[in-house]
Amino acid sequence: MYKKNLFKWSLLTTFLLSFIPKVHADEGMWLLALLEQNAKEMQAMGLNIPIEKITGQDGALSESVIGFGSGCTGSIVSGSGLILTNYHCAYGAILQYVTPTNDIFQNGYWANTVAQELPVKDLVITVNKKILNVSDEVKSQLQSDASGTDNVKNAIGLVIKKYQQKYPKYRVQIRSYKNDAFFVLFLQLQYKDVRLVGVAPKNVTKFGGETDNWMWPRYSADFAYFRVYADKDGAPAAYSKTNIPLGIKNYLHISTTGYKRGDFAMSMGYPSTSDRDATSYKIKEKTQVLNPPMIAVRGLRQSIWEEEMDKSPLIKQGYAEEYANSANYYKNAVGMNFWVNKLNIIQSKEKYEKEWEKWVLKDEASRLKYGSVLAGMEKETTENAKYKRALTYYNECFSTEGIIRFVSSFGLSFLNYTENLKQRPSLRIDLASTTKQHYRNLNHDVDKRVTKALFKLLIDSLPADLQPEIFAVKKLNSAASIDKYIDEVYKNSVFADGVKIQEWLNKPSIDLKDDPMVLLSQSIEKKQREISTQASSNSAKAFKYTAAYTHSLVDFKGGRYYPDADRTIRLSYGTVTDLEMDGKITPFQTTLNGLMAKTVNTTNKDYFLNKKLESIWQGKLYGKYGVNAEMPVCFVTNGDVTGGNSGSPMLNADGSIIGLVFDCNWESMTREFNFNKDLHRVICVDIRYVLLITEKFSGSDRIIKEIEKANQG
Ligand code: ARG
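Structure, rendered in structure tokens:
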């Protein structure tokens with residue numbers, strides 16, 4: 001055993017060090033319009049359906065895989081627009097319905113009738129009706145401009161116009177790939193009336209909490225149901241009582257027959273970003289310049305939030321979502337830095353760059369074109385580090401929901417309020433409602449405490465010339481001076497609490513241009529803008545090198561092509577596979593026995609024992625979802641996904657849902673920069689566990705019936 005592991009490791013190290021420039025099976029967030037290149041391999045690995053059944057033509061599976069909000073994925077799983085996505089994609093929706101007397105984060109929520117389904121504000125789902133390779137059409141429109149350069153933008157515009165005329169009801173998008181060699185067209189519908197249908201309590205859906213986040217093994221029932229509504233003709237419409245559930249023939253089917261080790265599995269979804277061609281300089285920048293301020297700011301703020309949330313259930317309710325969002329990428333950054341180091345990613349990339357240089361500098365022409373690329377990149381990233389680092393501090397400190405951010409987002413409307421009110425009398429109601437929405441979950445004392453702590457961090461971390469001017473004006477150079485100043489601001493500003501603002505809106509007795517929070521926010525913004533301008537102009541200089549490098553990599557890498565994630569729909573495939581690290585094998589599946597074992601002898605609240613779940617486990621009341629008196633909970637595959645894929649359906653060889661993607665493992669925190677088949681896993685909740693929690697735990701027979709009906713015949 002040991003020997004075998006050793007062998008595997010040395011193989012792995014060679015792989016990492018040599019970065020063989022070819023794209024392998026399992027790696028790849030494939031464009032559906034180019035899926036033909038993978039067809040043979042997918043079939044050899046077990047795919048049981050024709051490739052045309054997957055891609056974006058009429059009646060294809062991809063039509064039921066939807067963009068959920070701006071950062072998640074979902075599946076339509078019934079003929080009445082029922083959607084399955086992750087619980088952690090539902091925070092925003094849930095938050096809209098939490099009340100002091102009914103915290104549905106803790107209690108869960110199940111609509112017993114259609115009328116009880118809860119309309120969600122600001123949630124849009126995107127459906128791809130057709131996905132087409134329009135490369136030839138775009139290329140035939142290409143005309144050279146005066147400088148002799150092909151005008152790609154114009155050509156794309158012309159093709160979009162043509163399709164827009166043909167399909168007036170669709171949103172038409174074209175993306176360019178492979179250095180303007182491929183163009184893909186997406187015909188989409190966007191639905192705005194989406195309602196929350198069912199979620200289980202947090203101690204079940206998020207069992208393991210932040211402790212287990214980004215880790216395998218896992219035991220979370222990370223799912224939620226929504227439903228998409230449309231007008232009576234099935235067309236997208238803004239929320240209305242008269243809308244009805246979207247009738248749809250083409251939805252995804254669910255399979256409760258399970259899977260075994262080595263089975264083919266594929267997912268579809270909307271991964272947001274990746275940078276697989278990142279150079280060693282980019283990775284250094286990310287891990288040494290950008291991640292440390294993020295880790296410092298979030299770590300500090302989270303520790304305060306945690307203390308305050310422990311003190312008060314109301315604060316807990318109000319801050320839980322912000323906390324989870326913050327903690328998610330905080331932990332990701334910590335993990336990224338750890339694994340970049342442990343796996344020598346920077347050294348491997350350097351070696352790769354040397355190989356590239358050898359390849360690219362073979363003749364005089366390419367020497368001229370590429371000779372200065374690496375040196376240029378190094379120079380620009382090094383020079384920009386100071387600004388990028390400072391900018392990260394500003395973004396991290398001031399882009400989180402809080403009073404300072406409220407003032408920077410809406411302050412202007414308050415400054416010109418009396419004037420504008422004359423033109424627009426509804427302004428009072430609009431601002432009152434915006435204020436109410438933003439202050440609903442804000443706690444004055446928590447906000448103040450966080451601000452004080454962050455200011456102390458800033459004076460220690462930013463060079464004087466990159467601090468907001470007001471820091472010097474107010475002589476903020478010690479903890480005591482900061483405490484005093486912030487106390488005054490929070491005491492005297494109209495923005496210090498929502499009630500004061502509402503009073504002011506009714507009777508704007510004083511001019512807010514001298515409000516201390518306004519002055520503070522303006523000073524922060526001024527400096528932030530300065531730094532941002534400087535950083536972007538430096539980045540623009542570096543960009544020409546990066547662009548040249550990326551451009552040349554298409555040929556250097558060769559093989560099958562997939563572009564970096566860009567929030568367009570992608571397919572990824574692999575097999576159900578154990579995780580092996582440092583000689584330790586963690587099996588591909590977890591069970592309810594495993595979950596219960598975690599709750600024993602622990603003081604960690606993330607492993608809270610839910611009594612109802614316990615009684616289901618004790619009675620082995622698994623119905624048809626159990627296997628030999630054991631209940632599958634989560635599983636992993638070795639496919640290639642990233643942020644944005646949350647909620648993606650994991651499909652078997654027949655294209656039926658066997659689980660929902662909800663995370664990646666700790667060993668894969670470098671996946672933004674490179675893919676490693678041996679270490680990277682996609683974590684899914686087993687669809688049978690989803691159904692068990694829906695039926696036996698939550699008693700939602702209505703949903704079970706709907707799903708069973710959808711899967712008959
Ligand atoms: N890491 C997951 C993602 O980014 C989020 C999982 C949510 N769960 C949690 N414990 N924070 O999609």
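Residue numbers 1 to 713, in UniProt numbering, belong to the letters of the sequence shown in order.
Where a beta carbon is used, it is the ideal one built from N, C-alpha and C, also for glycine.
{"Asked": "Three-state secondary structure assigned by DSSP to Arg428", "Found": "helix"}
{"Asked": "Close beta carbons around Gln106, own chain, < 7 Å, minus the five adjacent residues each side", "Found": "Pro201, Lys202"}
{"Asked": "Ser646 Cβ short of 7 Å to the ligand ARG heavy atom set", "Found": "yes"}
{"Asked": "Ser572 versus Gly74: straight-line alpha-carbon distance, rounded", "Found": "15 Å"}
{"Asked": "Residue from Val636, Gln712, Gly647 with nearest C-alpha to Lys677", "Found": "Val636"}
{"Asked": "Cross-strand partners of Val636 (DSSP beta bridge)", "Found": "Ile683"}
{"Asked": "Cβ neighbours of Ser78 in the same chain (closer than 7 Å, five flanking residues each side left out)", "Found": "Tyr251, Glu706, Ile707, Ala710"}
{"Asked": "Under the three-state DSSP convention, the category Val600 falls into", "Found": "coil"}
{"Asked": "Reduced DSSP category for Phe398 - H, G, I as helix; E, B as strand; rest coil", "Found": "helix"}
{"Asked": "Paired residues, beta bridge with Gly269 - DSSP", "Found": "Arg570"}
{"Asked": "Limits of the unbroken beta strand (DSSP E) element including Ile658", "Found": "657-664"}
{"Asked": "Near the ligand ARG: Asp663 beta-carbon under 7 Å from a heavy atom", "Found": "yes"}
{"Asked": "Asn213 CB to nearest heavy atom of the ligand NAD below 7 Å", "Found": "You won't find the ligand NAD in this model; what it holds is the ligand ARG."}
{"Asked": "Three-state secondary structure assigned by DSSP to Val120", "Found": "coil"}
{"Asked": "Beta-carbon gap between Val446 and Glu321 smaller than 8 Å", "Found": "no"}
{"Asked": "Closest by C-alpha distance to Tyr625, when choosing among Ile131, Thr256, Asp578", "Found": "Thr256"}
{"Asked": "CB of Pro236 within 8 Å of CB of Gln165, strictly", "Found": "no"}
{"Asked": "Helix, strand or coil at Val184 [DSSP, three-state]", "Found": "strand"}
{"Asked": "Nonlocal neighbours in the same chain, by C-beta distance under 7 Å from residue 746, ignoring five residues either side", "Found": "An answer regarding residue 746 cannot be provided, because it is not within the stretch 1 to 713 covered by the chain."}
{"Asked": "Proximity winner among Val124, Asn593, Ile486, Gly69, relative to Gly619 (alpha-carbon distances)", "Found": "Asn593"}
{"Asked": "Residue from Gly639, Ser326, Ala535 with nearest C-alpha to Ala302", "Found": "Residue identity check: residue 302 is Gln in the sequence provided, not Ala. Comparing Cα-Cα distances from Gln302 to each of Gly639, Ser326, Ala535, the minimum goes to Ser326."}
{"Asked": "Sequence-distant residues of its chain with Cβ nearer than 8 Å to Ala221 (five each side left out)", "Found": "Tyr87, Ala200, Val204, Thr205, Phe207, Val633, Val685, Tyr689, Val690, Ile693"}
{"Asked": "Contact check, Leu462 vs Leu300, beta carbons under 8 Å", "Found": "no"}
{"Asked": "Three-state class that DSSP yields for Pro21 in the structure shown", "Found": "In this predicted model, Pro21 has a pLDDT of only 41, less than 50, meaning its place in the structure is not dependable; the value taken from the coordinates is given anyway. Looking at Pro21 - three-state DSSP - the assignment turns out to be coil, as it is neither helix nor strand."}
{"Asked": "Burial state of Arg440, where buried means 16 or more other Cβ atoms lie within 10 Å", "Found": "exposed"}
{"Asked": "Terminal residues of the beta strand (DSSP E) in which Ser75 lies", "Found": "72-76"}
{"Asked": "Same chain, Cβ closer than 6 Å to Asn443, five either side skipped, listed in chain order", "Found": "Ile315"}
{"Asked": "Glu210: CB within 7 Å of a non-hydrogen atom of the ligand ARG", "Found": "yes"}
{"Asked": "Residues sharing a beta bridge with Leu31, DSSP", "Found": "Arg570"}
{"Asked": "Reference Phe338, options Thr451, Glu695, Ile295, Thr242, closest by Cα", "Found": "Ile295"}
{"Asked": "4 or more residues per run - each alpha helix (DSSP H) lying fully within the segment 240-307", "Found": "280-284"}
{"Asked": "Neighbour-count burial assignment, Lys284, 16 or more Cβ in a 10 Å radius", "Found": "buried"}
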